[in-house]
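Residue numbers (the working numbering), protein chains in the order written: chain F, 1 to 264; chain Z, 1001 to 1264; chain U, 2001 to 2264; chain W, 3001 to 3264.
Idealized CB from N, CA, C, for every residue including glycine.
Remember, predicted model here, so these are calculated numbers, not experimental data.
I have placed the structure first, in the form of structure tokens, so that the comments after it can refer back to it.
4 protein chains.
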Amino acid sequence: MSLREKLHEIIFEADTPAGKAFDIILLLAILLSVGVVMLESVDDINKRYEHAFDVLEWSFTILFTLEYILRILIINKPLKYIFSFYGIIDLLSILPTYMGIFVKGTSSLMIVRSLRLLRVFRVLKLTRYLGEGNQLWVALLQSRRKILVFLFVVLTASMIMGTLMFMIEGPEHGFTSIPRSIYWAIVTLTTVGYGDISPSTAIGQFFASVIMVLGYGIIAVPTGIVTAELVNNPPTSNTQVCRNCAEDQHVDGATYCHSCGHLL
Amino acid sequence: MSLREKLHEIIFEADTPAGKAFDIILLLAILLSVGVVMLESVDDINKRYEHAFDVLEWSFTILFTLEYILRILIINKPLKYIFSFYGIIDLLSILPTYMGIFVKGTSSLMIVRSLRLLRVFRVLKLTRYLGEGNQLWVALLQSRRKILVFLFVVLTASMIMGTLMFMIEGPEHGFTSIPRSIYWAIVTLTTVGYGDISPSTAIGQFFASVIMVLGYGIIAVPTGIVTAELVNNPPTSNTQVCRNCAEDQHVDGATYCHSCGHLL
Amino acid sequence: MSLREKLHEIIFEADTPAGKAFDIILLLAILLSVGVVMLESVDDINKRYEHAFDVLEWSFTILFTLEYILRILIINKPLKYIFSFYGIIDLLSILPTYMGIFVKGTSSLMIVRSLRLLRVFRVLKLTRYLGEGNQLWVALLQSRRKILVFLFVVLTASMIMGTLMFMIEGPEHGFTSIPRSIYWAIVTLTTVGYGDISPSTAIGQFFASVIMVLGYGIIAVPTGIVTAELVNNPPTSNTQVCRNCAEDQHVDGATYCHSCGHLL
Amino acid sequence: MSLREKLHEIIFEADTPAGKAFDIILLLAILLSVGVVMLESVDDINKRYEHAFDVLEWSFTILFTLEYILRILIINKPLKYIFSFYGIIDLLSILPTYMGIFVKGTSSLMIVRSLRLLRVFRVLKLTRYLGEGNQLWVALLQSRRKILVFLFVVLTASMIMGTLMFMIEGPEHGFTSIPRSIYWAIVTLTTVGYGDISPSTAIGQFFASVIMVLGYGIIAVPTGIVTAELVNNPPTSNTQVCRNCAEDQHVDGATYCHSCGHLL
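This is how it looks when you write it as structure tokens:
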């Protein structure tokens, strides 16, 4: 196995001890860097540890830059990685820090600094490092049409309910426009119930009760559909990643990549 | 195939390319027209784009009028369509705009304009255009008796709990009448929890806790019943619509309409 | 079949046309009488229709009294019915109106009148009249041990979480005592979330987040257990009631009552 | 069977009448002692019954001390028990009362007294005494990886959503920092919805609606995964505890402890 193949195994897969160690270190670095971005947003903490945060941020930026360059060098089809979802996120999470050097003026700097918050999307990468995460992802993909139909039903119901409540309660009771009434309907149907808008007339409360009870009864069905699908077609998971095209949705026991035909 | 049969396939079914294209255009038109009605309800936006909204509304009204007339001409039993749920909605979504021409006086015009909000029910038509929507609908029909029993149990429990809380907390703590206390019980049992009414005495909070925990435990059962039914009797879906009577609940592989005997 | 046996079939069972008609009339009468009790609690409505409510109440009381006497006369073991749950409810729903005649003094009358609210428990009888209700009831009985364990886990978790939050947030942030903190924990764990008490310190919000996420993840398990039980052992329902002892939990196809051996 | 073996059966197992009686008495004592700690936290009640609470507390402390000593004497490997989770809880629930004698000064006494609140963890022991509790525990252990992935997904989603909402709504609408925005995202995604922080701009409400609906649709999947696992691999329960090492996760029909090889 060449050095490049070895590096591919370490960086892209999680089957060997070296690959696992690399993943765990990266996982910790991502969590820490996201933690720093978060703590920076708390005024009190930012003022006290501003210098330490600067040092930490440059360390993480350099580490992630090295990882980004390595990934491009090792993979066979670098362009596919660069323009993939994770490739763009990897780039977006290191660019703002470098941009901060060249940008002058407080307001421009503020905008560039706020761009660093996009780094939070890097935590999505962690999903890959959990074996069962793949299974969850496959289950989601498998049920995606049913979930879409469910979302569509919830949205349609919210639209109709929101419009009716706008007619019943009206602007004088907080339902100032149809979009705002639809927001209320979604808050109610998903059982979140902030209480920032709530019906105050007797007829509005009656109608809201009907919405809640009906929604509650109907909602058991999509849960049942997804569960029934999973009981009858249990999803499978696999952590192998093709070293040619980075495809990672292989079935168990696959010898060749189903996307490009390369040996796994 | 005659022109009429071809038009039937385009307008009423979604199996051919032309039928799919028609459905997608209609889908977009419905969503846009509903979007216009919604944005009109926001005061700021309505004042600025009043003229553009007028033009858009007339365009949609003429488009939907053409569709309505076509549907009546093509189907074999037009009266069945006209008095069906979708037929009435189709008519209600175009009538108010025409009525606006003949009606004089600001207050009358306001009432007619508000009738246009009923157009929101047109989005229900979209349910038909999702293949899996049928499956969800069949599952709902299949579980309707169980959902009804569940709704009945929730309502009965809410009645008893609301009455008891009215006796415990009383009008001085926001539980001003039994119907209002039942509204509170439904808000609590469905876990919406607005917080507009909440128990403030120690005994009321204890009783509310019992309600929440019990309700929470019992609610797992109907979800389980619906899921168990779906696991044992998975629902099937079919997008064919009879060109004679517009019946659309056919089983897979059906050759004749089970409602009127016409060839599918 | 003797008159008594016929009456038994009409009053206690729902298999014959006469039995169904009796059940529907009783169902409507119960719903109406509960509706009257509810509307009486709304001050505005009660003042306007006080006399009409009095007439309605006496009508319902006399009707329910007749039904109560008939039930005692027809059943073979009247004492078992009188001291059963439904027997006591039937009595409690007619007694207060009669007591109102003999009681003098406004305050005593108020107490007696409020007792009429217990009539709301009569709606529980409706559960019997829904065929699938039995199935739900059997499923609940079948899963009762698991639901109890679930309730126990929720209560234990609420106790521990409430106590910890009392230590973290303390009386100055609304967590004035451990019972009140437990009330908050239950409101949070059941996802009701009134917002009358909510954490305001950073550490309290962090801990509350942990509670919500953990609770949310763990709660999927009991739902799964109940569903798995129902998938593997689907419950059966049966509407036959023994004319000797009023036992109503018979299996399908049973010829003799499993409780007293009487022919069904 | 020696006295020691008999005592082991009484104290550690629940299969014999004596063992059951011991468990029930201990269960009641734990619930009562926790109840006393809770009532002490209510100012009004504590002032009135201070003396009675002192007497009760000493009684419970002495009872639990005896139980603790007996457990150490009877078990073959006492150190394993002492440093187990339940061993530490048992010690922590009796120590503070004894420490109260030696500690002088009001503020030190306050700290020691507040330590008694840790006794609430003893209620966790009750889980062992419910037969089905084991099954729930096994099911939880069996699904622990899936629940972890689910928790991870919820946390990742909350992080990203919280950061986006911090950028959209900003500090002027209550989203004062990223951690606080994440707290809001968790409150929303778990459908608790206190309403202490809620979006007030149009774009924030739109984005919050997307979060709620998406979260609602995706959440059906983990519930389905856990249920599917439980349907295909129903968990088993067993109440036997090894008298050598206190291991209590034995499969049904096991003759030797799978942890130390000792005869059960």
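Q.
For the pair the stretch 38 to 56 of chain F and the stretch 3183 to 3191 of chain W, tell me if three or more CB-CB distances fall below 8 Å.
A. no
Q. Between Z/T1278 and chain W, is there a C-beta pair that is closer than 8 Å?
A. In the structure as shown, chain Z begins at 1001 and stops at 1264. Residue 1278 of chain Z is therefore absent and cannot be evaluated.
Q: Using 10 angstroms around the beta-carbon of F/G22, count the other beta-carbons present and answer buried if the total reaches 16, otherwise exposed.
A: In the first sequence, counting from the first residue as 1, residue 22 of chain F sits at position 22. Gly is not the amino acid found at residue 22 of chain F; the sequence shown has Phe there. Buried.
Q. In whole angstroms, what is the alpha-carbon distance linking F/E13 and W/T3176?
A. Position 13 of the first sequence, counted from the start, is the residue given in the question as residue 13 of chain F. Position 176 of the fourth sequence, counted from the start, is the residue given in the question as residue 3176 of chain W. Their backbone Cα atoms lie some 39 Å apart in a straight line.
Q: Return the residue from the list Z/I1089, Z/E1050, Z/R1113 that minimises the CA-CA distance to Z/G1100.
A: Taking the second sequence and counting its residues from 1, the one referred to as residue 1100 of chain Z is at position 100. Measuring from the Cα of Z/G1100, the nearest candidate turns out to be Z/R1113.
Q: For F/T201, return the contacting residues in chain W, with the cut-off set at a CB-CB distance below 9 Å.
A: Position 201 of the first sequence holds residue 201 of chain F. Those do not exist, as F/T201 stays about 20 Å from chain W at its closest Cβ, beyond 9 Å.
(Q) Helix, strand or coil, according to DSSP, for Z/N1076 in the structure here? (A) Your numbering for residue 1076 of chain Z matches position 76 in the second sequence. In the structure shown, Z/N1076 sits in coil (DSSP, three-state: anything other than H, G, I, E or B).
Q) Can you tell me whether Z/H1008 is buried or exposed, with buried defined as 16 or more other CB within 10 angstroms of its CB? A) The residue given as residue 1008 of chain Z occupies position 8 in the second sequence. Its Cβ being crowded by 16 or more others within 10 Å, Z/H1008 is buried.
Q) When you compare only the Cα positions, how much space is there between Z/L1224 and F/S143? A) For this step, residue 1224 of chain Z is matched to residue 224 along the second sequence. For this step, residue 143 of chain F is matched to residue 143 along the first sequence. Strictly speaking, residue 1224 of chain Z in this sequence is Gly, with Leu absent from that position. Each residue's Cα considered, the two are about 19 Å apart.
**Q.** Where W/F3121 falls, given that 16 or more other Cβ within 10 Å makes a residue buried
**A.** Here residue 3121 of chain W is taken as the residue at index 121 of the fourth sequence, counted from 1. Answer is buried; the Cβ neighbour count reaches 16.
Q) Roughly how many whole angstroms lie between the Cα atoms of F/V153 and U/M2212? A) Taking the first sequence and counting its residues from 1, the one referred to as residue 153 of chain F is at position 153. Taking the third sequence and counting its residues from 1, the one referred to as residue 2212 of chain U is at position 212. Each residue's alpha carbon lies about 27 Å from the other.
Q. Is W/A3228 close to chain F, meaning its C-beta is less than 8 Å from at least one C-beta of that chain?
A. Here the question's residue 3228 of chain W lines up with position 228 in the fourth sequence. Yes, contact with chain F.
**Q.** Assigned exposure category for Z/R1048 - 16 Cβ within 10 Å defines buried
**A.** Taking the second sequence and counting its residues from 1, one reaches residue 1048 of chain Z at position 48. Result: exposed.
Q: Please go through the same chain and pick out, in chain order, the residues whose beta-carbon is closer than 6 Å to the beta-carbon of W/I3197, but skip the five residues on each side of it.
A: What you label residue 3197 of chain W is simply residue 197 of the fourth sequence in a count that begins at 1. Contacts found: G3174, W3184.
Q: With 9 Å as the limit, tell me which residues of the stretch 3033 to 3062 of chain W have their beta carbon closer than that to any beta carbon of chain Z; keep them in chain order.
A: V3042
Q. Buried or exposed: F/T97, going by 16 or more other Cβ atoms within 10 Å of its Cβ?
A. Along the first sequence, one-based indexing puts residue 97 of chain F at 97. By the neighbour-count rule (16 or more Cβ atoms within 10 Å), F/T97 is buried.
Q) Would DSSP call F/S108 helix, strand or coil? A) Translated into positions along the first sequence, residue 108 of chain F becomes position 108. Looking at F/S108 - three-state DSSP - the assignment turns out to be helix.
Q. Among W/S3181, W/I3186, W/K3125, which has the Cα closest to the Cα of U/T2156?
A. Indexing the third sequence from 1 puts residue 2156 of chain U at position 156. In terms of CA proximity to U/T2156, W/K3125 leads the group W/S3181, W/I3186, W/K3125.
Q) Given Z/F1083, which residues of its chain have a CB within under 7 Å of its CB, disregarding the five upstream and five downstream residues? A) As a first step, residue 1083 of chain Z is located in the second sequence; it is residue number 83 there, counting from the start. Nothing listed; no residue qualifies.
Q.
When you compare the CB of F/T16 with every CB in chain Z, is at least one pair closer than 8 Å?
A. The residue you call residue 16 of chain F lines up with position 16 of the first sequence. No, no contact with chain Z.
Q: Please confirm if F/M167 has its CB atom under 8 Å from at least one CB of chain Z.
A: The residue labelled residue 167 of chain F in the question sits at position 167 within the first sequence. Look at F/M167: its C-beta is under 8 Å from a C-beta on chain Z.
Q | Through-space distance from Z/G1170 to W/L3039, alpha-carbon basis | A | On the fourth sequence, position 39 is the one that residue 3039 of chain W refers to. On the second sequence, position 170 is the one that residue 1170 of chain Z refers to. About 25 Å.
Q. How is the alpha helix (DSSP H) around F/F152 delimited, first residue to last?
A. Here residue 152 of chain F refers to the residue found at position 152 of the first sequence. Following the DSSP letters along the chain, one finds F/F152 inside the alpha helix (DSSP H) bounded by residues 144 to 168.
Q.
For U/G2195, would you say it is in contact with chain F, using Cβ-to-Cβ distances shorter than 8 Å as the test?
A. Sequence index remark: in the third sequence, residue 2195 of chain U carries index 195 (1-based). Cβ-Cβ to chain F under 8 Å: yes for U/G2195.
Q | Whole-Å CB distance - W/M3165 paired with W/F3207, under 8 Å assumed | A | The sequence position of residue 3165 of chain W within the fourth sequence is 165, counting from 1. The sequence position of residue 3207 of chain W within the fourth sequence is 207, counting from 1. Confirmed, about 7 Å.
Q: Specify the secondary structure class of W/G3195 as computed by DSSP and reduced to three states.
A: Along the fourth sequence, one-based indexing puts residue 3195 of chain W at 195. Looking at W/G3195 - three-state DSSP - the assignment turns out to be coil, as it is neither helix nor strand.
Q: For W/R3004, count neighbouring Cβ atoms within 10 angstroms of its own Cβ and tell me buried if that reaches 16, exposed if not.
A: For the purposes of this step, residue 3004 of chain W is taken as residue 4 along the fourth sequence, with counting starting at 1. Counting Cβ neighbours within 10 Å, W/R3004 comes out exposed, since fewer than 16 surround it.
Q. Who are the near neighbours of U/K2006 in its chain, counting only those whose CB is closer than 7 Å to its CB and skipping five residues on each side?
A. Taking the third sequence and counting its residues from 1, the one referred to as residue 2006 of chain U is at position 6. By the criterion of a C-beta distance shorter than 7 Å, U/K2006 is surrounded by no residue of its chain, once the five residues flanking it on both sides are discounted.
(Q) Can you tell me where the alpha helix (DSSP H) holding F/L117 begins and where it ends? (A) Numbered from its first residue, the first sequence carries residue 117 of chain F at position 117. Unbroken run through F/L117: none, as it is neither H nor E.
Q: Note down, in chain order, each residue of its chain lying with its Cβ closer than 8 Å to the Cβ of W/Y3068, except the 5 sequence neighbours on either side.
A: Taking the first residue of the fourth sequence as 1, we reach residue 3068 of chain W at position 68. These residues qualify, in order along the chain: D3090, L3091, I3094.
(Q) Can you check whether the C-beta of F/S114 is within less than 8 Å of a C-beta belonging to chain W? (A) Taking the first sequence and counting its residues from 1, the one referred to as residue 114 of chain F is at position 114. With 8 Å as the cut-off, F/S114 counts as an interface residue toward chain W.
Q: Would you mind telling me which residues of chain U sit closer than 8 Å to W/T3163, beta carbon to beta carbon, in chain order?
A: Mapped onto the fourth sequence, residue 3163 of chain W falls at position 163. Among the residues of chain U, none has a CB under 8 Å from the CB of W/T3163; the nearest is roughly 15 Å distant.
Q) Does the distance from the C-beta atom of F/R119 to that of F/V231 stay below 8 Å? A) On the first sequence, residue 119 of chain F is found 119 positions in, with the first residue counted as 1. On the first sequence, residue 231 of chain F is found 231 positions in, with the first residue counted as 1. Annotated as distal: F/R119 and F/V231, with beta-carbon spacing of 8 Å or more.
Q: State the Cα-Cα distance for the pair U/L2063 and U/L2148, rounded to the nearest angstrom.
A: In the third sequence, the residue the question calls residue 2063 of chain U occupies position 63. In the third sequence, the residue the question calls residue 2148 of chain U occupies position 148. Cα to Cα, the separation comes out at about 39 Å.
Q | Collapsed DSSP secondary structure at Z/G1174 in the structure displayed | A | Here the question's residue 1174 of chain Z lines up with position 174 in the second sequence. Of the three classes helix, strand and coil, the one that applies to Z/G1174 here is coil, per DSSP.
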